[in-house]
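Going left to right, the sequence shown walks through residues 31 to 337 as our numbering numbers them.
The C-beta atom is built at its ideal place from N, Cα and C for all residues, glycine as well.
Inspection log for the structure reproduced underneath, given as structure tokens.
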Amino acid sequence: MKNEWRLVGASALLAAVSLTAACGGAPRDETPPSAGLEGAATPGVPAGDTATRTSSDPIDQSTGGIQPAPSGSGAISGRIHLVGPSPGNPIIRMGADPLCSRLNRGKRVVQETVVASADGGLANVFITLDGSFPASAAPGSPITLNQEGCVYYPRVVGVRAGQALEVRNADALMHNVHGVSAADNGFNVSQPRDGMVQTFQMANEERMLRMRCDVHNWMTAYVGVVSHPYFAVSGTDGAFDMVGVPPGTYTVRIWHERFGELTQTVRVSTGETATIDFEFTGTETPPSAGVRDLLVPAAAVHVARTS
Ligand SMILES: [Cu+2]
């Protein structure tokens with residue numbers, strides 16, 4: 031199965047701080063992913079789709095939006111493979127917040143760091159083309175990232191520089207939406223009630239902005255911000271497609287939160303689809319965790335409004 035081209039995301043604050051502090055005093059009950067940095071997608075998911083998902087569902091990522099087809103006449107189609115054994119994902123123990131535990135009662139929720147299909151297709155890999163391309167307007171519609179059952183969904187999304195990332199709270203509890211950026215895209219907002227929505231303008235190219243929640247330390251997502259429309263996120267089968275690519279020779283760069291980056295060169299011809307596959311062995315050294323620990327300036331902290 032191929033994925034479509036997609037984007038392919040004062041009292042309340044005091045309360046957030048208070049609960050964060052409370053959570054911080056509790057034993058850390060879940061091993062964080064090794065990577066420090068951040069759209070995945072279900073083919074055909076329309077922009078703004080916020081279909082609900084339970085944490086026990088199969089990993090099926092929603093783009094939160096689909097890029098309009100760029101104007102080039104070529105295409106790139108590929109698949110990411112994990113050829114070694116999957117390292118496995120830690121179970122998320124949500125005891126730090128009984129409300130989260132209640133939302134996931136009876137479910138076995140894991141940190142979806144490595145999501146591979148039975149035949150080795152690796153999901154949630156962010157794929158971009160290196161290089162400069164003619165300027166084009168970013169889509170006016172936002173990419174959506176959901177908080178549902180005390181996890182972010184999708185786990186990986188891509189947005190254009192200049193496009194908005196919309197973050198929603200579907201849980202009847204407080205989340206703290208914290209985008210940790212090394213490129214001045216950061217934000218930090220409390221969303222104390224369900225139905226709250228906040229949008230953030232992604233100004234600068236970044237691979238990847240890491241999403242976290244300061245209330246629930248297990249919550250993780252990644253946002254790739256790209257200055258051109260040539261990017262994708264691998265689907266549940268590890269496949270991706272880029273359409274509208276101008277003819278030329280390109281470096282294709284892929285990123286995975288646990289396995290890091292790989293590059294390959296591909297030649298795209300007019301009216302043709304170039305194919306390219308990548309393999310991770312599963313023994314790669316995780317990328318630096320440095321971005322995770324960056325601080326967001328106090329001036330960037332504000333409280334969300336109810337939409
Ligand atoms: Cu949270």
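Should M124 be listed as close to ligand 1, given that the test is whether its C-beta is under 6 angstroms from any heavy atom? Outside the cutoff, so no.
Let's test the definition: count the other Cβ atoms within 10 Å of the Cβ of S220 and tell me whether it reaches 16, buried, or not, exposed. Classification of S220: buried, given that the 10 Å Cβ count is 16 or more.
Ordered along the chain, which non-local residues of its own chain (more than five positions away) have a Cβ less than 7 angstroms from that of E302? G104, listed in sequence order.
Which residue marks the beginning of the beta strand (DSSP E) containing L29, and which one marks its end? Lying outside 31 to 337, the shown extent of the chain, residue 29 is not represented and no answer is given.
Measuring alpha carbon to alpha carbon, tell me which residue in G278, V282, H258, F308 is nearest P164. Ranking G278, V282, H258, F308 by Cα distance to P164 puts H258 first.
Determine the burial state of D160: buried for a count of at least 16 other Cβ atoms within 10 Å of its Cβ, exposed for fewer. Classification for D160: exposed.
Neighbourhood of I284 by C-beta distance below 6 angstroms, restricted to the same chain and skipping five residues each side: Spatial neighbours of I284 in its own chain (CB-CB distance under 6 angstroms, excluding positions within 5 residues in sequence) are listed in chain order as V155, I157, L292, F308.
Is Q228 buried or exposed, if buried means 16 or more other CB atoms sit within 10 Å of its CB? That one is buried.
So, with DSSP's three-state summary, where would you put F230? For F230, the secondary structure class from DSSP, reduced to helix, strand or coil, is strand.
Quick check on the burial criterion: 16 or more other C-beta atoms within 10 angstroms. Buried or exposed for L203? Of the residues assessed, L203 falls on the buried side of the cut-off, its CB having 16 or more other CB atoms within 10 angstroms.
Drop a sphere of 10 angstroms on the beta-carbon of L195, count the other beta-carbons inside from all chains shown, and report buried for 16 or more, exposed for fewer. With 16 or more Cβ atoms within 10 Å of its Cβ, L195 is classed as buried.
Secondary structure at R132, three-state DSSP: helix, strand or coil? Residue state, collapsed to three classes: helix.
By how many angstroms is the C-alpha of A304 removed from the C-alpha of E142? Each residue's alpha carbon lies about 30 angstroms from the other.
Please classify S103: does DSSP put it in a helix, a strand, or coil? Three-state result, S103: coil.
How many angstroms separate the CA atom of G102 from the CA atom of V273? Spanning the two alpha carbons is a distance of roughly 8 angstroms.
How would you label A81, buried or exposed, when you count the other beta carbons within 10 angstroms and need 16 or more for buried? Because A81 sits at a pLDDT of 28, beneath the cut-off of 50, its placement in the model cannot be relied upon, and the following sentence gives the value as read from the coordinates. Note on A81: under 16 other CB atoms within 10 angstroms of its CB, so exposed under the neighbour-count rule.
Can you tell me where the beta strand (DSSP E) holding Y260 begins and where it ends? DSSP places Y260 in no beta strand (DSSP E); its state is neither H nor E.
Within 10 angstroms of its Cβ, does D267 collect 16 or more other Cβ (buried), or is it exposed? Around the C-beta of D267, 16 or more other C-beta atoms lie within 10 Å, and the residue is accordingly described as buried.
Just to check, is the beta-carbon of H246 closer than 6 angstroms to a non-hydrogen atom of ligand 1? H246 Cβ: within cutoff of ligand 1.
Can you find the residues in the same chain that come closer than 6 angstroms, C-beta to C-beta, to R198, ignoring five residues on each side of it along the sequence? For R198, where only same-chain residues beyond five positions count, the Cβ hits under 6 angstroms are N176, V227.
Option in T315, A153, K137 with minimal Cα separation from V263: Taking only the C-alpha atoms, the option nearest V263 is A153.
Let's test the definition: count the other Cβ atoms within 10 Å of the Cβ of V256 and tell me whether it reaches 16, buried, or not, exposed. Within 10 angstroms of the beta-carbon of V256 lie 16 or more other beta-carbons, which makes it buried.
Can you confirm whether M249, when its beta carbon is compared against all beta carbons of chain B, has any partner nearer than 7 angstroms? The structure shown contains no chain B, having only a single protein chain.
How long is the line joining the alpha carbons of P341 and T300, rounded to whole angstroms? The requested residue 341 does not occur in the structure, where the chain is confined to residues 31 to 337.
Opposite G188 in the DSSP bridges: which residues? Under DSSP, the beta-bridge partners assigned to G188 are G254.
Any heavy atom of ligand 1 closer than 6 angstroms to the Cβ of M249? At least one heavy atom of ligand 1 is nearer than 6 angstroms to the Cβ of M249, so yes.
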